[in-house]
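To keep things clear, I will list the structure first and then write my remarks on it.
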Amino acid sequence: MPKKMIKKINKLNNVLSYSFFDWDKINLVSFVDSSGNQQSHDGHFVKSNVIFAENANGKSKLVDIFKSLDGRDIKLNKHRDRKTEGQDAKVTLDDDSEIEFSETGWSNEKLKNSFVIFDKLFIHNFVHSIGTEDNDTPLRRQKRGKNIVYLGNFEKYNEEIERVNSLKTAISAKNLLFSQTGQSIIFGLLKDHGISADELLRKKSEIQKLNKDDLQNKKDQYTKQQTDLDKIDKSLKDKDKITSLSLLAKIEKTFTLNVEVIEQGKKSNIDIDPIAQFSFTVARGVQQTLHKIAHKKDFIQQGLSLLTDETTDCPFCEQKIKNDDCLQVIKDYQEIFDENFAKEENNIRFLLLKYKNILEGLRDLQSPSNNLKILNQAKPFITSDEDLPKLAIEDDEKELIKDEINLVIEKDKKILDKIDGSKIDQIKIIIESAKSLIEKYNETVQNINGEIEQLKKDSLEGKLDIKKEEMQKEIARLKNEIFFIENKESIEKYFDVIEKQDKNAKVVESLERIYQALKTKIIEQFSKFVEDYFELIKEFVKEINPSMEILNIDGQPTYDRRNTQDPAQCGFSVKYNGEDCAGSLSEGEKQVIALAFFFADLRKHNDKNKIVVLDDPITSFDAGKRKSTAELIQRETKEFNQLFVFTCDPLFREYCLKQITDQRNFYYIFKTKGSSSIHYAPKNKETIYTSFETEFKDIDNVDGSNENVVIYGQKLRFCLETKIKEDYFGYSEDNLSNMIKKVTGRNKEEFEKLFDNKEIILQIYSYCNTGGLAHYPKDGSTSWNELNYKIKEYLNLNL
Amino acid sequence: MELLKLNEDELVFYDALANNELMTLLELIKDGLKEEDKNIISQLDFQKSDNEIISDTIQSGLLNFEHAEKDDKKNQ
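Heads up: the sequence lines are chains A and B, in that order. Going by our numbering, the first sequence opens with residue 306, and the numbers climb by one from there. Going by our numbering, the second sequence opens with residue 2, and the numbers climb by one from there.
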């Protein structure tokens, strides 16, 4: 940063308490140099500047103007009586460049970040004392921990990062309420059903799969399981009855149009073909012959048995067989009555019989008579509620079968007659239907028998209890599932709440991590701060006030001062004359620590191009501390570019003027009702009233403007008050002996002057404060004349 | 706190503290945080009150109190 100094504040118009201030009008000093030449001096700021002002005269407002030049967020308001008027100001730097101020701000930023400033705000911001208080409860004392002085903004950290903590707490509380409200949606339901919210959450995926369409099915299953459970209970009670349970009989009948025959010692299968069997017949002539010889059949067969190829005589008529015709007749008879024909006939009869049996079997098909009884005995115990299927065929089918049987009987009677009218196709359908009925029936029988056998086995092996337990579990599962389906909407709403609650909780967890990270960062920074500053601060405290001791707290710094386990914190403990006093630090003690911190930082500061400003650094100090502070200011700031020390304390002013001698100027700030103004006091007239008295002697040559009424009025008041206080009563001396020396240094006659002129002195003082000057600006010329008169009265007093 | 010239980071840190700028502090610690935490920081405006922040985050979907909010309203 280029080195810059403020040379002068040329003008301040309607800026804070500086309603109108013109540097040159006030501070241009004419003098005769050692060579006797008339010279002028504008009294501009130099490297070190001590500025004295009583309270409320505009001292801190000038500091505010410096802060504004530094770029800090300071609003340079208009004077309250001139709100509608414009503002302007001009500052000249040592290179004669200028910075101007208007309502839009400063014309350039040449002085931005050029200042280091010690003022009340610095103390307020960087020194905080925390300790037990009289009205603390023991618990609160414990929480507050040791008496601590926080330097820097470490105490403020709590408030800042507590924003994160408070947000976390607010979200957490809201989330808890959200969760509770969500739970209340189904709390009653769950309570009535006897299931906890946790259990419900564990079953979330299972519940989500459940479908409303399955409700009836689940209810049926539930009812069935309940019934079965009753049966198990009954089985457990009546074990003897279970032992005596019988098994159902199966139907062994088969209906197939296929019969097994044995021919020549071999088994073979023949299909029953009723159409073919009913069609078995011979030629009509043969039939008639057979009919005629029916009563001689045996005779014919016997005769035929005698016929051979060599036979020459007919066995029936005993005549010679003469021609082939006769032989042919014989052969025909042989064919009719041979063995094959007889076999065929028998075969037809056999098949007809089989067919008849099948038909009769179909007709008479029914369940084994005992099965129903056995089933009824088993039913109270077995879980299967299957009934035996209906087995009988329909009436119209029976009628059809009956007709078919009649056909078979007819055929059997007239074996060589062809019989028509068989309903074999319908019979085949009835057979298939009967087969299916039997199969189904037997399957049911097998199932029921399986269950009866299992029940008997379980009863025998004592497994019924286990079964009962499994069944109870299944009932409970079904009961839950029915409950979940019936209340799925409410439950899903609850799941939604929980999902959102978990998501919100993640934000809370994040905020906690952020909060912890902030705490860690602060502790790191505090450790660094201690490393860099502590020893220096300690030294400066000792130097300003030897009775005071600032101590680092043992242990690692931690952030939370409520942490009673490890009370080390981001602060220091302070002892005064050996007593812990951090909790009850006076403003003066705070100021000592703040100033020590300020000097420590100046020492650490590498950039000596800064302008150091100290605004009333000693307001609460006693004389000893004021002196040591003035010495420190001289020593610690001499390498810096420029220094401004503001004070309202005459004693400290004197110390500063004595200590800071190198390139040093001295100024007063006054304020009237109209405006504050800065007055340069030349070195040879630093008892400024001497300087002002010189000006008063030339009052007749001064322009009687409104501004001068204000300026000279204030000079008069200042001369009167300060001269008497300091010159007569030693007000600016640092101790009583010096004050006594000062008072006794004057002779009695001089004091008598005060007594003799008491009325005039009070009149002039009253005029300056509330009297004639109050006419301004109503009647400027009158005021100036009055003031002129009062000034001359003051000079005549020759105090 | 312009006075404490340590290094660039620390300067920012002290400035942030002097001005009570939590948002700046959060920026300083952000690098060491988990991604999800960084994401949350980026959605929070600590210039606002807790209630306003919660409102904003509900609006953005970061927080959700839907059913409770509705039930709260019903109860009011």
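No residue lacks a Cβ here, since even glycine has one placed at the ideal position from N, Cα and C. Remember, predicted model here, so these are calculated numbers, not experimental data.
query: Touching by the beta-carbon criterion (3+ pairs, under 8 angstroms), the segment 745 to 759 of chain A and the segment 576 to 586 of chain A; result: no
query: Paired residues, beta bridge with residue 398 of chain A - DSSP; result: A:311
query: For residue 742 of chain A, three-class secondary structure by DSSP; result: helix
query: Start and end residues, beta strand (DSSP E) containing residue 355 of chain A; result: 353 to 358
query: Residue 422 of chain A - containing beta strand (DSSP E), residue span; result: 420 to 423
query: Residue-level contact to chain B via CB, residue 812 of chain A, 8 angstroms cutoff; result: yes
query: Per-residue contacts from residue 67 of chain B into chain A (C-beta, under 7 angstroms); result: 805
query: Closer than 7 angstroms: residue 786 of chain A CB and nearest the ligand ZN heavy atom; result: Inclusion of the ligand ZN in the displayed structure is not the case, the ligand content being empty and no account of it being possible.
query: Below-8 angstroms beta-carbon distance, residue 57 of chain B vs any chain A residue; result: no
query: Residue range of the unbroken alpha helix (DSSP H) whose run includes residue 947 of chain A; result: Residue 947 of chain A -> not in any alpha helix (DSSP H); beta strand (DSSP E) instead, spanning 947 to 952.
query: Neighbour flag for residue 808 of chain A against chain B, beta carbons, 8 angstroms; result: yes
query: Any chain A beta carbon closer than 8 angstroms to residue 46 of chain B; result: no
query: Test: residue 106 of chain B CB closer than 8 angstroms to a CB of chain A; result: This structure leaves residue 106 of chain B out entirely; chain B is present only between 2 and 77.
query: Near-chain B residues of the segment 458 to 487 of chain A - C-beta to any C-beta below 9 angstroms; result: 458, 459, 461, 462, 464, 465, 466, 468, 469, 471, 472, 474, 475, 476, 479, 480, 482, 483, 484, 485, 486, 487
query: Cβ contact (3+ pairs, closer than 8 angstroms) linking the segment 944 to 957 of chain A and the segment 348 to 356 of chain A; result: yes
query: Residue 1072 of chain A - containing alpha helix (DSSP H), residue span; result: 1063 to 1074
query: Helix, strand or coil at residue 868 of chain A [DSSP, three-state]; result: Here residue 868 of chain A scores only 42 on pLDDT, less than 50, and its place in the model should not be relied on; the value that follows carries that caveat. Three-state result, residue 868 of chain A: coil.
query: Chain A contact residues for residue 51 of chain B, given Cβ-Cβ distances below 7 angstroms; result: 471, 472, 475
query: Beta-ladder partner(s) of residue 410 of chain A, from DSSP; result: A:407
query: Proximal residues of chain B, C-beta to C-beta of residue 828 of chain A below 7 angstroms; result: Simply none; closest approach about 12 angstroms.
query: Proximal residues to residue 558 of chain A (C-beta, below 8 angstroms), its chain only, five neighbours per side dropped; result: 666, 670, 743
query: 8 angstroms Cβ cut-off: residues of chain B touching residue 916 of chain A; result: The contacting residues do not exist; residue 916 of chain A stays about 13 angstroms from chain B at best.
query: Contacting residues, own chain, Cβ-Cβ under 6 angstroms from residue 775 of chain A (five flanking each side not counted); result: none
query: Straight-line gap, residue 607 of chain A to residue 694 of chain A (C-alpha atoms, nearest Å); result: 59 angstroms
query: Residue 897 of chain A: first and last residue of the uninterrupted alpha helix (DSSP H) it sits in; result: 892 to 909
query: At least 3 beta-carbon pairs within less than 8 angstroms: the segment 962 to 969 of chain A vs the segment 925 to 938 of chain A; result: yes
query: Cβ neighbours of residue 572 of chain A in the same chain (closer than 7 angstroms, five flanking residues each side left out); result: 565
query: Boundaries (first-last residue) of the beta strand (DSSP E) holding residue 575 of chain A; result: 571 to 576
query: Beta-bridge partners of residue 325 of chain A, as assigned by DSSP; result: A:318
query: Residue from A:818, A:899, A:796 with nearest C-alpha to residue 472 of chain A; result: A:818
query: Contact with chain B by residue 502 of chain A, beta-carbon distance below 8 angstroms; result: no
query: Spatial neighbours of residue 1103 of chain A in its chain, beta-carbon cut-off 8 angstroms, leaving aside the 5 residues before and after; result: 1058
query: Beta-carbon gap between residue 1070 of chain A and residue 1023 of chain A smaller than 8 angstroms; result: no
query: Same chain, Cβ closer than 6 angstroms to residue 679 of chain A, five either side skipped, listed in chain order; result: 551, 553
query: Where residue 860 of chain A sits in the DSSP three-state scheme; result: Residue placement at residue 860 of chain A is flagged as unreliable, the pLDDT there being 47, under the threshold of 50; the coordinate-derived value follows with that caveat. Coil, per DSSP.
query: Buried versus exposed, by CB contacts within 10 Å (16 or more), residue 1073 of chain A; result: buried
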